Amino acid sequence: MRYLFFLLFTVLNFAQEKATLMTYEVTYNTELPTTKNGYLYISNDQKKTIYYTENINKNNESKEENIDVALKFESGKKQFNYFDYQKDTLITRDDILKESVLIKEMIPDLYWNLLDETITTNNVVLNKATCYFRGRNYIAYYSTNIPIKAGPWKFQGLPGVIYTISDETKRYNWVLKKIESTEYNFSSEMSNTEAEIISIKEYAKRKFSSQDLDEKIISRLPRGVKIVDQKTFRTGFEIKFEWEE
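Be aware that the sequence shown starts at 224, since it is given in our numbering, and climbs by one per residue.
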């Protein structure tokens, strides 16, 4: 028994890798304003990263006047973005209504425009960069003092650690709060899921197919609930994909 316990402990401990943990404060100025903690784990060789968020404050009050009931469907599963740079693969877990799926794609190319503009925050000089990605324009400030090319969500490829990034409308915002050394099992999330694996094109089709989406929403409404003014529009981080440009 003692030998089995030692063997199990050794296997579990071996799965842990030395890593850097970057904690971001994430603010969504959306219809339901939300503040989250974002956690980015980066392997020491920067060949793997994983990012996920956890709520720390959320306003659930809806002010929509044209909808009798505000609906939000979630699977309850942890959503994440897992980069494997050796395999040039990005795997994202997201929800389509209450169904949790894994979206597999090649690591997207983010074409950063590095600008000759700087700001200083807490005695750290930050360089400005911009990029357009899947329907939104983003503004980032980064520091080359720490050569980490990874960032929160799907942001990556800058020549230094991202301190702040937001879309130009300030709808989505990330601010770096802390960097620390830690350990992490990068295979833990991938080994503990039974979600369906789909392509990024299939994800977009399911997520934004208005006819299928409307039918699914209506089928899940409580009896007697009426939508007065039903509008179909895209929302979220990604609202236009490469093949749609």
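A virtual CB, placed ideally from N, CA and C, is assigned to each residue, including glycine. Here the structure is a predicted model, which is why all the values come from computation and not from measurement.
Is the separation between the beta-carbon of residue i and that of residue j shorter than 9 Å?
{"i": "Ile330", "j": "Phe306", "result": "yes"}
{"i": "Arg473", "j": "Phe460", "result": "Residue 473 lies beyond the range of the chain shown here (224 to 468); nothing can be said about it."}
{"i": "Glu322", "j": "Glu419", "result": "yes"}
{"i": "Glu406", "j": "Glu240", "result": "yes"}
{"i": "Asn278", "j": "Lys300", "result": "no"}
{"i": "Ile326", "j": "Ser410", "result": "no"}
{"i": "Ile371", "j": "Gln269", "result": "yes"}
{"i": "Ser404", "j": "Ala242", "result": "yes"}
{"i": "Tyr364", "j": "Thr392", "result": "no"}
Alpha carbon to alpha carbon, how far is residue i from residue j?
{"i": "Val324", "j": "Arg394", "result": "25 Å"}
{"i": "Gly374", "j": "Val398", "result": "11 Å"}
{"i": "Glu417", "j": "Pro256", "result": "31 Å"}
{"i": "Trp466", "j": "Tyr426", "result": "13 Å"}
{"i": "Val384", "j": "Lys401", "result": "12 Å"}
{"i": "Arg457", "j": "Ile273", "result": "26 Å"}
{"i": "Ala352", "j": "Leu338", "result": "6 Å"}
{"i": "Val197", "j": "Tyr334", "result": "Examination of residue 197 is not possible in this model, given that the chain is present from 224 through 468 alone."}
{"i": "Thr312", "j": "Ile342", "result": "34 Å"}
{"i": "Thr387", "j": "Tyr251", "result": "14 Å"}
{"i": "Arg328", "j": "Tyr262", "result": "Correcting the residue identity first, residue 328 is Glu in this sequence and not Arg. Their Cα atoms are separated by approximately 21 Å."}
{"i": "Tyr361", "j": "Gln302", "result": "22 Å"}
{"i": "Asn304", "j": "Gly380", "result": "15 Å"}
{"i": "Asn498", "j": "Lys377", "result": "One cannot answer for residue 498 here, as it falls past the ends of the chain, which runs 224 to 468."}
{"i": "Glu209", "j": "Pro382", "result": "The chain is shown only over 224 to 468; residue 209 falls outside these bounds and no answer can be derived."}
{"i": "Asn408", "j": "Ile314", "result": "16 Å"}
{"i": "Leu462", "j": "Ser432", "result": "In the sequence under discussion, the amino acid at residue 462 is Ile, which differs from the Leu named in the question. Rounded to whole angstroms, Ile462 to Ser432 spans 12 Å at the Cα level."}
{"i": "Thr276", "j": "Asp318", "result": "14 Å"}
{"i": "Tyr264", "j": "Lys424", "result": "27 Å"}
{"i": "Glu284", "j": "Gln309", "result": "Residue placement at Glu284 is poorly supported in this model, since its pLDDT is 42, which falls under 50; the coordinates still yield a value, given next. The alpha-carbon atoms of Glu284 and Gln309 are separated by roughly 44 Å."}
{"i": "Ser366", "j": "Phe464", "result": "29 Å"}
{"i": "Ala238", "j": "Lys271", "result": "14 Å"}
{"i": "Ser389", "j": "Asn350", "result": "14 Å"}
DSSP state of residue i, grouped into three classes?
{"i": "Phe306", "result": "strand"}
{"i": "Glu417", "result": "coil"}
{"i": "Glu277", "result": "strand"}
{"i": "Arg457", "result": "coil"}
{"i": "Ser266", "result": "strand"}
{"i": "Ile462", "result": "coil"}
{"i": "Leu241", "result": "At residue 241 the sequence reads Lys, which differs from the Leu that was named. Of the three classes helix, strand and coil, the one that applies to Lys241 here is strand, per DSSP."}
{"i": "Tyr432", "result": "Reading off the sequence, residue 432 comes out as Ser, not Tyr. Ser432 falls in the coil class under three-state DSSP."}
{"i": "Lys286", "result": "Since pLDDT at Lys286 reaches only 42, below the 50 mark, its modelled position is unreliable, and no value is offered."}
{"i": "Ser411", "result": "helix"}
{"i": "Lys259", "result": "strand"}
{"i": "Lys300", "result": "coil"}
{"i": "Glu322", "result": "strand"}
{"i": "Glu467", "result": "helix"}
Just grab the DSSP bridge partners of residue i for me.
{"i": "Thr312", "result": "Asp307, Met329"}
{"i": "Tyr251", "result": "Thr257, Tyr395"}
{"i": "Glu425", "result": "According to DSSP, Glu425 bridges with nothing at all."}
Any heavy atom of the ligand PLP inside 8 Å of the beta-carbon of residue i?
{"i": "Thr315", "result": "The model on display carries no ligand, and the ligand PLP is accordingly not part of it."}
**Prompt:** Taking only runs of the beta strand (DSSP E) that begin and end inside the segment 328–408, which ones reach a length of at least 3 residues, in chain order?
**Reply:** 336–344, 347–356, 359–366, 384–390, 395–407
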